[in-house]
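Keeping their order, the protein sequence lines are chains A and B. Going left to right, the first sequence walks through residues -10 to 107 as our numbering numbers them. Going left to right, the second sequence walks through residues -10 to 107 as our numbering numbers them. Heads up, the beta-carbon is just placed ideally off N, CA and C, and yes, glycines get one too.
Protein chains: 2
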Amino acid sequence: MSENIPFPVGELPHPAREELILSQVLFALSDPARLAIVSQLVEGPLDMARCYLTDPTIAKSTKSHLMRVLREAGVIRNEPKGRGRTLSLRREDLDYRFPGLLDAILSSAPSGERLELT
Amino acid sequence: MSENIPFPVGELPHPAREELILSQVLFALSDPARLAIVSQLVEGPLDMARCYLTDPTIAKSTKSHLMRVLREAGVIRNEPKGRGRTLSLRREDLDYRFPGLLDAILSSAPSGERLELT
C-alpha cells in the first residue's frame, strides 16, 4: 500500500472518514511543522507549491514526508489539479469523527503556527 | 535534567503550567496506551500500582516509560505517597492552556481507551 514515489501524478490513497484513527490524527498534529501546514489550510485549499514551511531549515524532501503523514492520518487531502497538486483540510471528516478536536488544537497553536497567507 | 532511575522515591520534575507545549501534549496523547492511562485518571487520582495497561502484551518497563512521557509533557502528575506513587491528571493546567482539547480527545477516544475502574 505504501508508495516509494514521493508524489506521483494522479490520485493518492486517502483513508475514508470511518477509517480515521484518533491516535494517528493526534500524532500527525503533534509536529509543529505539520501543524503549521494545517494552519495554512484553515482558510481553504491551497496549491501545494504555495504551501510553505515556517521553519526554513527543513529540507524540501521533508516537506513531502510531512504531507504524507498528514494525508495518511486523514488530516488533509492531496489531490492532482492540472500540473500541480492541491492540499485541503478534511475539516468535515475530522469534525464528524472527533468533534471539537481540530478547533481546540488550532486555537491553542502557537502564533507562529497560525501564520496566514497574505 | 533527565534521570536514569526509572522511579526514584521522592519528587520528580514536572513542567510548570506555562511551560506546557501543545506539540508535546498531542504527542503524549497520540499513543493508545498512554491515552488509556489518562482515561483511567479522569475520575480522579490513582495509585500507580492500580493503574493498568489495557494491552497485556506491554512490558512493565514500558509502563514506566509511558508514565514518563505523560509527566514530562505535563499531562499527568506523578507524586510520592507513602511507599507508593499517585498519578493524577493535570486537567486544570491543560484546560487553562489548551481549552477544550482534553475533553475533545477524551470524548473521541475509542471505548477501549475509556475503560473505567470498577
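Original post:
Name the chain A residues whose beta carbon is nearer than 8 angstroms to that of G89(B)?
Top reply: Counted from its first residue, the second sequence places residue 89(B) at position 100. Those within 8 angstroms of G89(B) in chain A are G89, D92, A93, S96.
Original post:
Are the segment 83 to 100 of chain B and the segment 88 to 98 of chain A in contact at 8 angstroms, needing three or more beta carbon pairs?
Top reply: yes
Original post:
How about D20(B): is its C-beta nearer than 8 angstroms to some C-beta of chain A?
Top reply: Position 31 of the second sequence holds residue 20(B). Yes, contact with chain A.
Subject >> Whole-number beta carbon distance between L59(A) and R23(A), since they are thought to touch under 8 angstroms >> reply: Stepping through the first sequence from its first residue, residue 23(A) is reached at position 34. Stepping through the first sequence from its first residue, residue 59(A) is reached at position 70. With a Cβ gap of about 6 angstroms, R23(A) and L59(A) count as contacting.
**OP:** Can you grab the Cα-Cα spacing for the pair N65(B) / V27(B), in whole Å?
**Re:** For the purposes of this step, residue 65(B) is identified with residue 76 of the second sequence, where counting begins at 1. For the purposes of this step, residue 27(B) is identified with residue 38 of the second sequence, where counting begins at 1. Just to set this straight, residue 65(B) is Ile in the shown sequence, not Asn. Spanning the two alpha carbons is a distance of roughly 8 angstroms.
**OP:** Show which residues of chain B have a CB atom less than 8 angstroms away from the CB atom of S12(A).
**Re:** Within the first sequence, residue 12(A) is the residue found at index 23, counting from 1. Going along chain B in sequence order, the residues near S12(A) (Cβ under 8 angstroms) are S19, D20, P21, L24.
**OP:** Give me whichever residues DSSP pairs with R74(A) in a beta bridge.
**Re:** Your numbering for residue 74(A) matches position 85 in the first sequence. BP columns for R74(A) point to P69(A).
Original post:
Taking the alpha-carbon positions, what's the A38(A) to S53(B) distance?
Top reply: As a working note, residue 38(A) is residue 49 in the first sequence. As a working note, residue 53(B) is residue 64 in the second sequence. The straight-line gap from Cα to Cα measures roughly 43 angstroms.
Original post:
Helix or strand or just coil, what does DSSP make of L35(A)?
Top reply: Counting from one through the first sequence, the residue named residue 35(A) turns up at place 46. In this structure, L35(A) counts as strand in the three-state DSSP scheme.
**OP:** Could you say if the segment 31 to 47 of chain B and the segment 68 to 76 of chain B meet the contact criterion of at least three C-beta pairs nearer than 8 angstroms?
**Re:** yes
**OP:** Compare the C-beta of P34(A) against all C-beta atoms of chain B and say whether one is closer than 8 angstroms.
**Re:** In the first sequence, the residue the question calls residue 34(A) occupies position 45. No, its Cβ sits nowhere closer than 8 angstroms to a Cβ of chain B.
Original post:
By how many angstroms is the C-alpha of L42(B) removed from the C-alpha of Q13(A)?
Top reply: Locating residue 13(A) in the first sequence gives position 24, where the first residue counts as 1. Locating residue 42(B) in the second sequence gives position 53, where the first residue counts as 1. Rounded to the nearest angstrom, the two C-alpha atoms are 20 angstroms apart.
Subject >> Own chain residues within Cβ distance below 7 angstroms of I47(A), not counting five before or after >> reply: Translated into the one-based positions of the first sequence, residue 47(A) becomes position 58. The answer, listed in chain order, is A22.
Original post:
Which bits of chain A does P112(B) rub up against, with CB to CB less than 8 angstroms?
Top reply: Outside the shown range of chain B (-10 to 107) lies residue 112(B), about which nothing can therefore be said.
Original post:
According to the neighbour-count rule (16 or more other Cβ atoms, all chains shown, within 10 Å of its Cβ), is R6(B) buried or exposed?
Top reply: Taking the second sequence and counting its residues from 1, the one referred to as residue 6(B) is at position 17. It counts as exposed.
Original post:
At what residues does the alpha helix (DSSP H) containing D82(B) begin and finish?
Top reply: By 1-based counting over the second sequence, the position of residue 82(B) is 93. Start and end: 80 to 86.
Original post:
Taking the continuous alpha helix (DSSP H) assigned at I26(A), which residues delimit it?
Top reply: Here residue 26(A) is taken as the residue at index 37 of the first sequence, counted from 1. Per DSSP, I26(A) belongs to the alpha helix (DSSP H) from 21 to 29.
Original post:
Buried or exposed: where does G63(A) fall if 16 or more other Cβ atoms within 10 Å of its Cβ makes it buried?
Top reply: Against the first sequence, residue 63(A) aligns to sequence position 74. Buried, because 16 or more other Cβ atoms sit within 10 Å of the Cβ of G63(A).
**OP:** Could you check if D84(A) is buried or exposed, using at least 16 other CB atoms within 10 Å of its CB as the buried criterion?
**Re:** Within the first sequence, the letter at position 95 stands for residue 84(A). The residue is exposed, with fewer than 16 neighbouring Cβ atoms inside 10 Å.
**OP:** Using a Cβ cut-off of 7 angstroms, pull out every chain B residue sitting near L1(A), in sequence order please.
**Re:** Translated into positions along the first sequence, residue 1(A) becomes position 12. Those do not exist, as L1(A) stays about 23 angstroms from chain B at its closest Cβ, beyond 7 angstroms.
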